[in-house]
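Have a look at the structure below before the remarks.
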Amino acid sequence: MTKLKERKLFVVLFLFAALMPEFTGWKREHFMRARLSAFVLRSKEVQERPIRISSKELYERKQKREKILLLDVREKNEFEEEHIPGALHFPKSQFDRKDPALMEILEKTPKDEMVVTYCGAGHRSGWVAISLRKMGFKHVLNLDGISFWKRYRFPLVTGVIVKGEEEPLRIGTEEAWYMYRSFTDVLFVDVRDVKEFEEGHIEGAVSIPLTELEGRLAEIPQDKDKVFYCSGTDGEGLCSSSLSAARILIHKGFPFGKIKVYEGGFGAWKSLGLPITLGDRGS
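For the sequence shown, the positions run 6 to 288 when our numbering is used.
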């Protein structure tokens, strides 16, 4: 059951339990059970929210040399470009497939050790943090994102940047909406995980997760304008999946002028009430 469906069911059960005694002959225990079911659903949703840690707090803890397993859940090209010192590369895409090397890391990690996950703005790492808690790790925190870490100018390990001679053009919601409503040949590409896409995406967008991108380049037309997006901003943090996807295409020889990155992402688009839809990838 998706989070959206759970929320709707919670509301229905709560209202049903609260209002129906006025119109039916249900016994008291029936209403109590309905209210309890609604409470359980709501509690489950709250429990599945990852606990956040700020970049400032993580930096202070690292300065005190606290023992922390720091996991960078982004893709290889993102990690190689820049990452927080001491972080292990722990890509979510491989974690989802239960990669043996990653499982070995977890097996060797005590369940009571502090674990901090991070990505661009806490979206992908949030999923990993929730999963680790379900696996029995007691102290799992999700960083606000490497975008915040960079804002404070905390140390970074830098390496290879996957890009061509040009950086992709970044656009805001106003320009993205203009392109969406004005042109029929613009391709919006959602690079988030399939599960996130199915729970809601820009209407008409196609799903090509960042983890699958290099194997699906043939599906992307070179002559069309393409707008890549991911989760986008989150409390002023910035998800970097869409930027990484655009850089990969430029590096592979796709025309620079046809590639754009919508920085606001799905979060900003949805918050403004612009067209979205639910359903399977490619719908």
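All residues carry an ideal CB built from backbone N, CA and C; glycine is no exception.
Is it buried or exposed, residue i, if we count other Cβ atoms within 10 angstroms and call 16 or more buried?
i, result
"THR290", "Because the chain is modelled from 6 through 288, residue 290 falls outside the range shown and cannot be assessed."
"PHE188", "exposed"
"GLY278", "exposed"
"TYR157", "exposed"
"ALA223", "exposed"
"LEU93", "exposed"
"VAL196", "buried"
"ILE3", "The shown model of the chain, from 6 to 288, leaves out residue 3, and the question about it has no answer."
"PRO260", "exposed"
"TYR185", "buried"
"PRO160", "exposed"
"GLY270", "buried"
"SER276", "exposed"
"ASP149", "buried"
"PRO173", "buried"
"GLU65", "exposed"
Check whether the Cβ atoms of residue i and residue j lie closer than 7 Å to each other.
i, j, result
"VAL211", "PHE233", "no"
"CYS244", "HIS128", "yes"
"ALA126", "SER152", "yes"
"THR122", "ALA134", "yes"
"PRO96", "GLU85", "no"
"GLY220", "ALA273", "no"
"VAL120", "PHE100", "no"
"LEU283", "ALA250", "no"
"GLU109", "LEU74", "no"
"LYS231", "ILE264", "yes"
"GLU87", "THR163", "yes"
"ILE89", "TRP154", "yes"
"PRO280", "GLU208", "yes"
Quick one: what's residue i bridged to in DSSP?
i, result
"GLU87", "THR163"
"LEU122", "Going by the sequence as given, residue 122 is Thr instead of Leu. DSSP, once it has assigned bridges, lists LEU76, ASN147 as partnering THR122."
"ARG175", "VAL266"
"PHE233", "VAL194, VAL266"
"ILE58", "LEU148"
"HIS94", "ASP77"
"ILE281", "ILE207"
To the nearest whole angstrom, what separates the beta carbons of residue i and residue j, a pair I think is in contact under 8 Å?
i, j, result
"PRO214", "LEU192", "Going by Cβ atoms, the distance from PRO214 to LEU192 rounds to 15 Å, so no, they are not a contact pair."
"SER130", "VAL199", "With a Cβ gap of about 18 Å, SER130 and VAL199 do not count as contacting."
At a threshold of 6 Å, does residue i count as lining the ligand GTP (C-beta to nearest heavy atom)?
i, result
"HIS88", "This structure does not include the ligand GTP; it has no bound ligands of any sort."
Runs of 3 residues minimum, wholly inside the region 177–224: which ones carry the beta strand (DSSP E) assignment?
192–195
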